[in-house]
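Scroll down for the structure; my scribbles are underneath it.
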Ligand SMILES: NC(=O)c1ccc[n+]([C@@H]2O[C@H](COP(=O)([O-])OP(=O)(O)OC[C@H]3O[C@@H](n4cnc5c(N)ncnc54)[C@H](OP(=O)(O)O)[C@@H]3O)[C@@H](O)[C@H]2O)c1
């Protein structure tokens, strides 16, 4: 059932992690709803393929989100050409095992830098007066791992728990200009990330509605970006097919 139709005509959004999985689906649906999108990820080939597939207005930039200067440059050029942003989605992220007995601090920091600090940087840039319209809306992708432990994923879980904690504080800092920020915490979604052999602990048994697909998450993200969510900020939303139940 696809009966909810969003209209993002004349709206500009930044999406990170647009080359794959959840970020790709969000980018596609925003474009279908008429938005102009600045789509960021590292893999230029995948971004080009997305651009060809989408019948919409999308500017692609191959960039590592941990390179803050490059990210700002991309936003600066986009805003100069297309106007200020109405919101952002930080969906770029990585996952890896960091079991305690073989804890790899470098790997843990990389997960934190990509999934969390880069998201805070995106939020800072995308709410700056020179880059953002007032009353913009932002979504950061967290995970059910913020709420429930999974063997070997302590760093990933901690990073994901940091996101809703940070956005609760940031929501208070940005509300005076009407800006909003929320996070979305998906359960297991069928993407490149989950094809990395991380299905341990009979994980799927706890999914009352089975494994999700990117389009099971994107609808909520588009809703949060839309004006219908104008009274919603500083909150985390679980979309997990009943996993945490
Ligand atoms: N899939 C799940 O089950 C699940 C569940 C809960 C939460 N999440 C979260 O949802 C988000 C999206 O994950 P996904 O499942 O869609 O994974 P995915 O298909 O692997 O996509 C990850 C995206 O992040 C981008 N990315 C990674 N490192 C980057 C970097 N340094 N700079 C720029 N872009 C980077 C990748 O693009 P390039 O490789 O082209 O750079 C890709 O577009 C992540 O935060 C993930 O933790 C996923």
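Numbering (this note's numbering), first residue to last: 22 to 266.
Heads up, the beta-carbon is just placed ideally off N, CA and C, and yes, glycines get one too.
Apart from the five residues on each side of it in sequence, which residues of its chain come closer than 8 Å, Cβ to Cβ, to residue i?
i          : result
residue 42 : 112, 210, 212, 213, 214 and 235
Check whether the Cβ atoms of residue i and residue j lie closer than 7 Å to each other.
i           : j           : result
residue 265 : residue 177 : no
residue 110 : residue 165 : no
residue 298 : residue 52  : Outside the shown range of the chain, which is 22 to 266, sits residue 298, and nothing can be said about it.
residue 243 : residue 34  : no
residue 59  : residue 158 : no
residue 185 : residue 260 : no
residue 263 : residue 224 : no
Would you tell me roughly how many angstroms separate the C-alpha atoms of residue i and residue j, rounded to the nearest one?
i           : j           : result
residue 25  : residue 123 : 47 Å
residue 171 : residue 103 : 43 Å
residue 201 : residue 91  : 25 Å
residue 117 : residue 179 : 12 Å
residue 98  : residue 231 : 42 Å
residue 95  : residue 226 : 43 Å
residue 88  : residue 233 : 31 Å
residue 163 : residue 32  : 24 Å
residue 57  : residue 121 : 44 Å
residue 49  : residue 130 : 30 Å
Which one of the options has the shortest CA to CA distance from residue i?
i           : options              : result
residue 54  : 227, 240 and 259     : 240
residue 115 : 50, 52, 95 and 181   : 181
residue 133 : 65, 244, 108 and 174 : 174
residue 187 : 150, 257 and 128     : 257
residue 39  : 129, 65, 89 and 31   : 65
residue 105 : 142, 149 and 139     : 149
residue 140 : 76, 86 and 93        : 86
residue 147 : 93, 216, 252 and 70  : 93
By Cβ distance, which residues of its chain are closer than 7 Å to residue i, with the 5 residues on each side in sequence left out?
i           : result
residue 155 : 198 and 199
residue 191 : 144 and 202
residue 254 : 192, 196, 201, 202 and 203
residue 46  : 235, 236 and 239
residue 125 : 119
residue 68  : 39, 40, 60, 62, 81 and 83
Pull up the DSSP beta-bridge partners for residue i, would you.
i           : result
residue 37  : 61 and 111
residue 80  : 59
residue 136 : Answer is none; residue 136 lacks a bridge partner.
residue 106 : 153
If you drop the 5 nearest sequence neighbours on each side, which residues of the same chain put their C-beta closer than 6 Å to that of residue i?
i           : result
residue 136 : 114 and 180
residue 250 : 244
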